[in-house]
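Per the UniProt record's numbering, residue 1 is the first one in the sequence shown, and the count goes up by one each step. In this text, a Cβ means the ideal position worked out from N, Cα and C, and glycines have one as well. Right, one structure below, let's go through it.
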Amino acid sequence: MRRPSQHRRPDAAGDAGRSAGEPVTARRQAAHASPSGSRRRASPSRSPHAPVADQLPPCTSCAFAGSCLVTLGQSPTSREYVAGRAWSCEAGDVVVRRGEALREIHVVRKGGVKAFVVASDGREQVLGFHLPGELIGLDAIHLDRHPGDVVALQSSEFCRLSFDEVLQLSSRVPKVQQQLLRLISRELGRASQLAGDLNAEERVASFLLDQKRRSAVVGGKAQVMRLPMSRMDMANYLRLAAETVSRVFGRFRARGWVDVTGRKVRLLDAEALHRVCQDSPRAGASPSAQ
């Protein structure tokens, strides 16, 4: 397993133009500062991989605007928006460092990230994954500091929002407060799911159903997902050996429930996966089954 120090860490040049970035609101597009050095931090400043202003649409064009925490229930001309900054990064870039103070909430617009901690013996423990439309930083609220590192799994785009502004908005707009509580509750639900006494098939089935709900799904009866995480990261998160996860996928494939090609998973019989989860009271109550 890699230590977090092996992930690319930003340098000063990567943050030098931060103040020059134009806030993204329903009325303005993002603007970015000058390019950073070869070793970049994932930041709202413009990097060699950051989209320029006319390539990244504003909130009104975002696919998640209808359910976004900060635009929920607001009109395009409302002053209740939280000003954010749009930015992008590449696979392996650090989005958040463990122990950093919670100052921003990151909304994933494209791609995906993993959150993890590294034990004293160097073993990596995956805490979770964040996909498009989801927020990074909710697990840092209780301590005011991020409990783990967050690293991009692939090329990704984000909006970075001031956490204080989000809290202020939630106090003024009940819909935002309700959505914030729902999102926190969902995070707690995923954490409690892993704490259950589940066998390997229940864990993998529950994970796939959760990914189905969270991922963009195409096709008719056969629902296709491209998972951003490796099989090793998936197994780590599920607290299983990678070989065990592969064997479970093999059994699911033999039963005609899934078809797996690399990271692309086609769900052929989601109801069968639901039945596996229902064998456990905890799995049946998980967000993946909702």
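(1) Check each candidate in 101, 110, 98 and 97 and name the one with the smallest Cα separation from residue 89.
(2) Can you tell which of 99, 102 and 112 has its C-alpha closest to the C-alpha of residue 357?
(3) Of the residues 194, 247, 208 and 180, which one's Cα is nearest the Cα of residue 268?
(4) Can you find the residues in the same chain that come closer than 7 Å, C-beta to C-beta, to residue 200, ignoring five residues on each side of it along the sequence?
(5) Report the partner residues of residue 162 according to the DSSP bridge assignment.
(6) Taking residue 271 as the reference, which of 223, 246 and 234 has the closest Cα?
(7) Should residue 288 go down as buried or exposed, given a rule of 16 or more other Cβ atoms within 10 Å for buried?
(8) In three-state DSSP terms, what is residue 134?
(9) Report yes if the CB atom of residue 137 is closer than 8 Å to the CB atom of residue 163, and no otherwise.
(10) Note down, in chain order, each residue of its chain lying with its Cβ closer than 6 Å to the Cβ of residue 155, except the 5 sequence neighbours on either side.
(11) As a quick exercise: from 225, 205, 202 and 149, pick the residue whose alpha carbon is nearest that of residue 96.
(12) Apply the 10 Å Cβ neighbour rule to residue 131 and answer buried if 16 or more other Cβ atoms are within range, or exposed otherwise.
(13) Using a Cβ-Cβ cut-off of 7 Å (strictly less than) and excluding sequence neighbours within five positions of residue 126, which residues of its own chain qualify?
(14) Using beta-carbon positions only, say whether residue 94 and residue 158 come within less than 8 Å of one another.
(15) Can you name, in chain order, every residue of its own chain whose Cβ lies under 7 Å from the Cβ of residue 187, other than the five neighbours on each side?
(16) Apply the 10 Å Cβ neighbour rule to residue 152 and answer buried if 16 or more other Cβ atoms are within range, or exposed otherwise.
(17) In three-state DSSP terms, what is residue 267?
(18) Less than 8 Å separating the beta-carbons of residue 161 and residue 105?
Based on what the coordinates show:
(1) 110
(2) An answer regarding residue 357 cannot be provided, because it is not within the stretch 1 to 290 covered by the chain.
(3) 208
(4) 240, 244 and 248
(5) 104
(6) 223
(7) For residue 288, the predicted structure reports a pLDDT of 38, less than 50, and the residue's modelled location is therefore unreliable. A value from the coordinates is still provided. So residue 288 ends up on the buried side.
(8) coil
(9) yes
(10) 90 and 111
(11) 149
(12) buried
(13) 114, 116, 233, 236 and 237
(14) no
(15) 138 and 139
(16) buried
(17) strand
(18) yes
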